[in-house]
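In mature numbering (1 follows the signal peptide of the UniProt record, and there is no 0), the protein residues as written are -28 to -1, 1 to 384.
All C-beta atoms, glycine included, are put in the ideal place defined by N, C-alpha and C.
Working notes, structure below.
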Amino acid sequence: MTTRMIPRKWSALLLGLALCAAAGTVWSEAECPLPPPTMTVKVLNDSGNASQVAMQISAGYFDKDNGGINRILWLIADHSLIDDCSSALTWKDAHDYEPIKCYAVEYDSLGDMSGCKTGVDGTRCLIGTSESCDGSKCNGALKKGVKYGIKLRIYNDHGCFDTSPAFFKDGHSSSLRPPSKPKNFRVSNNTQAGTTLVWKEPEHADGSLDGYIYSVCNVHNCSVEPALECSDKRNISARNLTLTAAPSQNYWVWLAAYRNDTHRKELITGNYTSLCFRTPPPRLNAPTNVVVDASNPLQVSVRWDPPSDPSGTLEGYVYTICQVRDCWNKPPKTCSDRRISAFYTMVVAAHPQQYYWMWLAAYNKHENTGRKVIGRFAPVCFRTSNETDEQDDEEPYSSRRRKTHGRIVQLR
């Protein structure tokens, strides 16, 4: 029995490939790891056609000592999406999107590489040969004016690996690699006044950044990802963004870093990240027509009308009742423990001939966090009666008075 030795340059690669998913259909695979730095693809600036690009694969890719290559794919996408090629599409389907999503050009075998020629320096392939584009192996034409990213995915007996991407536009290479995704993109504050988003610079900026591009899209829910073109793109230089939006709505935000290629006078947009958030419900107005019946010196009843609630988000009421010296000076809303009521009537215990101040407000809840959003407060002040004195005329805080069994204070 003889043992075949694996060249040293491939031993580290094969160890990594053993951890990669076994070769199968590309449409549902995870990303493949990068090969050693010496295994690269290069854009050749001699295609002579803006809808095509000439690529060179470094020599040694197809040696028999590399683990038995059995499948080869070119993966092509808009430069901002080239790192997201786990679910590659056909040429036709990918070009239905803007920006163009990742699609695959697949070869039947190593001996049938349409548009490819092997020489001393490696293998030269022409992408965009305008073949009939009805199947998954189509090598269709490239769009003019689009900056593409391209990489090679190789399958062998151990799994798969991807090359680092190269970039081109109108058949010519682009000198700058786009930035990676911004890091830690999150919501830092979400109130009725606005929603603030923050993030950190991309981990591998590969040079200075000139700013960020974002788009904000109103969506039905946060479970379905919208297209990048769902809204106009805008620029910002800071690493934070405050949005003022309609209440109780879902918004999807796309964000990418960019830099300017002054040599080619073009914008290099990086890879996009995104998040979705829901704005808080509207702050409700104060309850109206608050009526206090203080005729019973030991028990006070209060009733009111709910505030207008066009969004249908009202959950209940919060109130605070404080004993005060008079009705001329407002106490703080924290003068006593805050309590909750699900109804628009209540009965509270009291003492005879005492002044009480009541703060009353409706509340709703933020759907995502469950946090109460307390509305505007209605202030109410009253004095309880005395069993022997039902005709006390002192009503400093009432706007209307009726004589029944005692005093009723009604505030509007």
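- The alpha-carbon of R297 is positioned some 34 Å away from that of R343.
- The three-state reading of DSSP puts D93 in coil, since its state is none of H, G, I, E or B.
- Judged by DSSP in its simplified three-state form, E339 adopts coil rather than helix or strand.
- A direct Cα-Cα distance of roughly 19 Å separates V13 from G112.
- It is roughly 28 Å from the alpha-carbon of T216 to the alpha-carbon of L332.
- Rounded to whole angstroms, the gap between the alpha carbons of A76 and K155 is 28 Å.
- C-alpha of H144 to C-alpha of N128: approximately 30 Å in a straight line.
- Annotation: W63 to N42 spans about 22 Å, alpha carbon to alpha carbon.
- At the C-beta level, Y230 and D182 come within 8 Å of one another.
- In the assembly as shown, L124 is a buried residue. Its beta-carbon has 16 or more other beta-carbons within 10 Å.
- Here the alpha carbon of R311 sits roughly 28 Å from the alpha carbon of G166.
- For K14, the three-state secondary structure derived from DSSP is strand.
- The alpha carbon of S52 has as its nearest neighbour, out of K153, A60, V225 and F349, the alpha carbon of K153.
- Going by DSSP, W63 is part of no beta strand (DSSP E) but of the alpha helix (DSSP H) stretching over W63 to A66.
- When M330, P174 and A138 are compared, the shortest CA-CA separation from Q28 is found for A138.
- Between I185 and T260, the C-beta spacing is not below 8 Å.
- Secondary structure note for S246: its beta strand (DSSP E) is the uninterrupted segment T245 to R250.
- Distance from the CA of N190 to the CA of A334, rounded to the nearest whole angstrom, comes to 28 Å.
- Residue A228 holds the alpha-carbon nearest to the alpha-carbon of R211 among W224, A218 and A228.
- Around the C-beta of R348, fewer than 16 other C-beta atoms lie within 10 Å, and the residue is accordingly described as exposed.
- Residues of the same chain with a CB within less than 7 Å of the CB of A22, apart from the 5 flanking positions on each side, are K116, D142 and G143 in chain order.
- By the neighbour-count criterion, in which a residue is buried when 16 or more other Cβ atoms sit within 10 angstroms of its Cβ, L270 is exposed.
- Shown here for Q325: same chain residues with a beta carbon closer than 8 Å to its own, the five before and five after excluded, namely P269, R355, T356, S357, N358 and D361 in chain order.
- Checking the DSSP bridge columns, you'll see D204 has no partner listed.
- Apart from the 5 residues on each side of it in sequence, L61 sits with its Cβ closer than 6 Å to the Cβ of K73 and Y75 in its chain, given in chain order.
- Here S187 carries a strand assignment [DSSP, helix/strand/coil].
- Within a 10 Å sphere around the beta-carbon of W300 sit fewer than 16 other beta-carbons, which makes this residue exposed.
- In this structure, G121 sits near I54, with a CB-CB distance shorter than 8 Å.
- Between the alpha carbons of N222 and T306 lies a distance of about 33 Å.
- DSSP lists C189 and C248 as the bridge partner or partners of W224.
- In the three-state reduction of the DSSP assignment, A350 falls in the strand class, which pools E and B.
- If the five residues before and after S246 are omitted, its C-beta is found closer than 8 Å to the C-beta atoms of F157, E197, W224, V225, W226 and L227, all from its own chain and listed in chain order.
- Under DSSP, the beta-bridge partners assigned to G131 are N128.
- With fewer than 16 other Cβ atoms from the protein chains shown falling within 10 Å of its own Cβ, T317 counts as exposed.
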